[in-house]
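Rendered as structure tokens:
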């Protein structure tokens, strides 16, 4: 299968290793990977701030680049939900509506792609550590992605998953929300971190690097004894 | 920034830093979640029940003219006086008019958020009436001069000790922190008030079109006393409370109890169909029902957000909202707090003055998932944001997003921004976390990761070249 990889802006800039792990995983499974160089973003920051016209300028470009793709893999529940769920509403009543609706089912969040589309759960990974999983809200509630990451982690040798009580609670990132209401965002992050620390896990794992950027930023500042990793980074460990 | 927005940010800053407050709310609501889930599990098919409830509400709201008319005819047939109020002012005037004509001096109230919405207590007290809230939580916050903290649990932010202290200060005695002892103190005061009151004011949870009755759900029996003992009963309700059929309550009563208070069914569910009828032993001499519009018909005209009128004011969205849990109910500065408040307040009041409530959300969707009538609350927050920028864009934000679109759409632009960021980052340490820092909102409490020495796109390009 020829996979088109859509790399979100923050993975490109801050977490290139996440994209690299995904390329490696997909190629090892025998799939060809292509990656359009632009656009660099799905447009969600503008969309969530209410600037839908400005969002469409980016989103049209995204859709044109992905128009021919057989399947699109997005290593983020948040950007995945933007394209799959919110593009159809964003373009409702415009000439691009049909394209948005047609594109949505061809796009997959990374873990959902492996499990639901390819039927793969065992990638031969080994990770002898105790981890807890953070469900990114968009992946969880817009894309119904509760099971795929857990199915993948269940097959990682020597990995011990301990669920935290606040696994489904928002970490407080929320895109521009984190900067508009930093005090609320920080308090939410603290609740999340405390819940993760309670489990005694060494790592918070997630399918969303944006949530992890917020949590790791807080962890570093407060010197908490826990680290964050994208699921893809675990799936390449041997 | 509007005054309301400034107040919201100030109070949010204070309360998110108040770890004691955060702990009280978190532990109370976490306990609620556990019990609620036990009750939810008793439904054969909870998701099916939600769908059914949403369908019934859709039917009612989309044929509101017909059902409200049927409801009113039923009420009037048994001698109830029905009043229509387009605005809060009209509703207040109607209540004051009734109280005056009945020569009332004292009013006892059962819990009604609609009366909070139109600030009825202030109006009645301003006109010289004594007003007593009879719901225990409302009674406590009234003694403290506070607004309800939560749609369903008005005093949930208070500890037993604080309640005892309030009773001691205002009622002159409270023996201990024991909840039963505290309840008995309130009960002794309230029992006398029911008997002395000239009028009882209630809200309504549901209005049944088929039978022309209002349905009130409560756990303390206080609404029954407020309705039965005074000579005049006044019920204020929003137009959207109507349900088509009596049998709809078979779904809505347990559903409201489950998500509202984590109960199987509430202590008292009572239907009121009119004043005392000939031959009946008790009930009020006069029964007045005031139907309040207060922007609800404007909401009805908005096909995109009309389903916000499905809300049954159960408070389920507040309970699961991580924003509400961290900033608390009073911070919202308006009657309806939490996600439902953030959705409807900008539309009921003024979009530009209250849009900050729609922005103060990470859009996590826990509210929509919890809503028993399937209102897509967090999607409506996005629509409010869109409407507010359409109506009045912020010039620098729009310019920034236009610039961002240009950069994001061009390989060269993105490459340039990457390099500029990498360069600027070298000096970031000098101003990190200070007011000069352009990323201050982030870096005040969090570290920012460095831009990678080789971004993904740079790696991908180089990889392509070496492979070719």
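Protein chains in written order, with our numbering: chain A, 61 to 298; chain B, 6 to 473.
By construction, the Cβ of each residue, glycine as well, lies at the ideal position given by its N, Cα and C atoms.
(message) For residue 41 of chain B and residue 233 of chain B, which I take to be in contact (beta-carbon distance under 8 Å), what is that distance rounded to the nearest angstrom?
(response) Stepping through the second chain from its first residue, residue 41 of chain B is reached at position 36. Stepping through the second chain from its first residue, residue 233 of chain B is reached at position 228. Going by Cβ atoms, the distance from residue 41 of chain B to residue 233 of chain B rounds to 31 Å, so no, they are not a contact pair.
(message) Spatial neighbours of residue 27 of chain B within its chain, please: C-beta separation below 8 Å, excluding the five flanking residues on both sides.
(response) What you label residue 27 of chain B is simply residue 22 of the second chain in a count that begins at 1. Only 20, 21, 330 and 331 meet the Cβ criterion.
(request) Using three-state DSSP, classify residue 224 of chain A as helix, strand or coil. (result) Working through the first chain from its first residue, we reach residue 224 of chain A at position 164. The answer is coil: DSSP assigns residue 224 of chain A none of H, G, I, E or B.
(message) By the three-class DSSP mapping on this structure, what secondary structure does residue 205 of chain A have?
(response) The sequence position of residue 205 of chain A within the first chain is 145, counting from 1. Reduced to three states, the DSSP call for residue 205 of chain A is coil.
(request) Check each candidate in B:448, B:350, B:414 and B:280 and name the one with the smallest Cα separation from residue 87 of chain B. (result) Working through the second chain from its first residue, we reach residue 87 of chain B at position 82. The residue with the shortest Cα to Cα distance from residue 87 of chain B is B:280.
(message) Can you tell me whether residue 200 of chain B is buried or exposed? The criterion is at least 16 other CB atoms within 10 Å of its CB, across all chains shown.
(response) Position 195 of the second chain, counting from 1, holds the residue named residue 200 of chain B. The residue is exposed, with fewer than 16 neighbouring Cβ atoms inside 10 Å.
(request) For the region 58–108 of chain B, list the beta strand (DSSP E) runs that are entirely contained and at least 3 residues long, ordered along the chain. (result) 86–90
(message) Using CA atoms only, rank isn't needed, just tell me which of B:340, B:12, B:213 and B:379 is closest to residue 80 of chain B.
(response) The residue you call residue 80 of chain B lines up with position 75 of the second chain. Minimum Cα distance to residue 80 of chain B is reached at B:213.
(message) Here's the rule: buried if 16 or more other CB atoms are within 10 angstroms of the residue's CB, otherwise exposed. What is residue 94 of chain A?
(response) On the first chain, position 34 is the one that residue 94 of chain A refers to. Exposed, because fewer than 16 other Cβ atoms sit within 10 Å of the Cβ of residue 94 of chain A.
(message) Just to confirm the assignment, what range does the alpha helix (DSSP H) spanning residue 288 of chain A have?
(response) Reading the first chain from its first residue, position 228 is the one you call residue 288 of chain A. Residue 288 of chain A -> not in any alpha helix (DSSP H); beta strand (DSSP E) instead, spanning 287–290.
(message) Beta-carbon within less than 7 Å of residue 175 of chain B's beta-carbon, same chain only, minus the 5 sequence neighbours each way: which residues are those?
(response) One-based indexing of the second chain puts residue 175 of chain B at position 170. So the qualifying residues of the chain are 148.
(message) Contact defined as beta carbons within less than 8 Å: I believe residue 202 of chain A pairs with residue 141 of chain A. What is the distance between those atoms, to the nearest angstrom?
(response) For the purposes of this step, residue 202 of chain A is taken as residue 142 along the first chain, with counting starting at 1. For the purposes of this step, residue 141 of chain A is taken as residue 81 along the first chain, with counting starting at 1. 4 Å between Cβ atoms; contact.
(request) Give every residue of the same chain whose Cβ lies closer than 6 Å to the Cβ of residue 69 of chain A, excluding the five residues on either side of it in the sequence, and list them in chain order. (result) On the first chain, residue 69 of chain A is found 9 positions in, with the first residue counted as 1. Closer than 6 Å at Cβ, skipping near neighbours: 100 and 101.
(message) Could you check whether residue 9 of chain B and residue 358 of chain B sit closer than 7 Å to each other, using their CB atoms as the reference points?
(response) Residue numbering aside, residue 358 of chain B sits at position 353 when the second chain is read from its first letter. Residue numbering aside, residue 9 of chain B sits at position 4 when the second chain is read from its first letter. For residue 358 of chain B and residue 9 of chain B, yes; Cβs fall inside 7 Å.
(request) Along the beta strand (DSSP E) that carries residue 64 of chain A, what are the first and last residues, could you check? (result) Position 4 of the first chain, counted from the start, is the residue given in the question as residue 64 of chain A. Start and end: 62–65.
(request) Using 10 angstroms around the beta-carbon of residue 252 of chain B, count the other beta-carbons present and answer buried if the total reaches 16, otherwise exposed. (result) Taking the second chain and counting its residues from 1, the one referred to as residue 252 of chain B is at position 247. Exposed.
(request) Alpha carbon to alpha carbon, how far is residue 61 of chain A from residue 75 of chain A? Give it in angstroms, no decimals. (result) Translated into the one-based positions of the first chain, residue 75 of chain A becomes position 15. Translated into the one-based positions of the first chain, residue 61 of chain A becomes position 1. Roughly 25 Å between the two C-alpha positions.
(request) Within its chain, find whatever has a CB closer than 6 Å to the CB of residue 185 of chain A; leave out the 5 residues flanking it on each side and keep chain order. (result) As a first step, residue 185 of chain A must be located in the first chain, where it is residue number 125. Taken in chain order, the residues that qualify are 216, 295 and 297.
(request) Starting from residue 224 of chain A, find everything on chain B with Cβ-Cβ shorter than 9 Å and list it in chain order. (result) In the first chain, residue 224 of chain A corresponds to position 164, counting from 1. Ordered by position in chain B, no residue passes the 9 Å Cβ test against residue 224 of chain A, which lies about 13 Å from the chain.
(message) Need the endpoints of the alpha helix (DSSP H) that residue 5 of chain B sits in, please.
(response) Here chain B covers residues 6 to 473 and nothing more, so residue 5 of chain B does not appear.
(message) Could you check whether the Cβ of residue 203 of chain A sits closer than 7 Å to any Cβ belonging to chain B?
(response) Within the first chain, numbered from 1, the residue matching residue 203 of chain A stands at position 143. No - not a single Cβ of chain B is within 7 Å of the one on residue 203 of chain A.
(request) Could you name the residues of the same chain whose beta carbon sits closer than 8 Å to that of residue 120 of chain A, not counting the 5 residues immediately before and after it, in chain order? (result) In the first chain, the residue the question calls residue 120 of chain A occupies position 60. Excluding residues within five positions, the ones whose Cβ falls inside 8 Å are 156.
(request) Using the DSSP secondary-structure output, state which residues sit across from residue 276 of chain B in a beta bridge. (result) Along the second chain, one-based indexing puts residue 276 of chain B at 271. Residue 276 of chain B is bridged to B:220.
(request) Report the neighbours of residue 106 of chain A on chain B: residues whose CB is nearer than 8 Å to its CB, in chain order. (result) Position 46 of the first chain, counted from the start, is the residue given in the question as residue 106 of chain A. Simply 406, 409 and 410.
(request) Verify whether the separation of the beta carbon atoms of residue 474 of chain B and residue 227 of chain B is less than 7 Å. (result) Since the first residue of chain B shown is 6 and the last is 473, residue 474 of chain B is not available in this structure.
(request) Starting from residue 241 of chain B, follow its DSSP beta bridges and name the residues at the other end. (result) Counting from 1 along the second chain, the entry for residue 241 of chain B is found at position 236. In the DSSP output, where bridge partners are listed per residue, residue 241 of chain B has B:295.
(message) What residue range does the beta strand (DSSP E) around residue 111 of chain B cover?
(response) Here the question's residue 111 of chain B lines up with position 106 in the second chain. Taken as a continuous stretch (DSSP letters only), the beta strand (DSSP E) holding residue 111 of chain B covers 111–114.
(request) Give the residues of chain A in contact with residue 352 of chain B, contact being defined as C-beta atoms less than 8 Å apart. (result) For this step, residue 352 of chain B is matched to residue 347 along the second chain. In chain order: nothing, as chain A lies at least about 15 Å away.
(request) Can you have a look at residue 224 of chain A and say buried or exposed, based on whether 16 or more other CB atoms are within 10 angstroms of its CB? (result) Position 164 of the first chain, counted from the start, is the residue given in the question as residue 224 of chain A. By the neighbour-count rule (16 or more Cβ atoms within 10 Å), residue 224 of chain A is buried.
(message) In this structure, how does DSSP classify residue 263 of chain A when only helix, strand and coil are distinguished?
(response) Looking up residue 263 of chain A in the first chain gives position 203. DSSP places residue 263 of chain A in strand when its eight states are reduced to three.
(message) Using C-beta distances below 6 Å, list every residue in its chain close to residue 122 of chain B, excluding the 5 sequence neighbours before and after it, in chain order.
(response) In the second chain, the residue the question calls residue 122 of chain B occupies position 117. So the qualifying residues of the chain are 340.
(request) State the Cα-Cα distance for the pair residue 118 of chain B and residue 102 of chain B, rounded to the nearest angstrom. (result) Stepping through the second chain from its first residue, residue 118 of chain B is reached at position 113. Stepping through the second chain from its first residue, residue 102 of chain B is reached at position 97. In a straight line, the C-alpha of residue 118 of chain B is about 21 Å away from that of residue 102 of chain B.
(message) With H, G and I counted as helix, E and B as strand and the rest as coil, what does DSSP make of residue 168 of chain A?
(response) Locating residue 168 of chain A in the first chain gives position 108, counting from the first residue. Of the three classes helix, strand and coil, the one that applies to residue 168 of chain A here is strand, per DSSP.
(request) Indicate whether at least one CB of chain B lies closer than 7 Å to the CB of residue 288 of chain A. (result) Residue mapping note: residue 288 of chain A aligns to position 228 of the first chain, counting from 1. No, residue 288 of chain A does not count as interfacial toward chain B.
(request) Would you verify that the beta carbon of residue 461 of chain B is, or is not, closer than 7 Å to some beta carbon of chain A? (result) The count along the second chain starts at 1 and reaches residue 461 of chain B at position 456. Cβ-Cβ to chain A under 7 Å: yes for residue 461 of chain B.
(message) Is it buried or exposed, residue 85 of chain B, if we count other Cβ atoms within 10 angstroms and call 16 or more buried?
(response) If you number the second chain from 1, residue 85 of chain B lands on position 80. Classification of residue 85 of chain B: buried, given that the 10 Å Cβ count is 16 or more.
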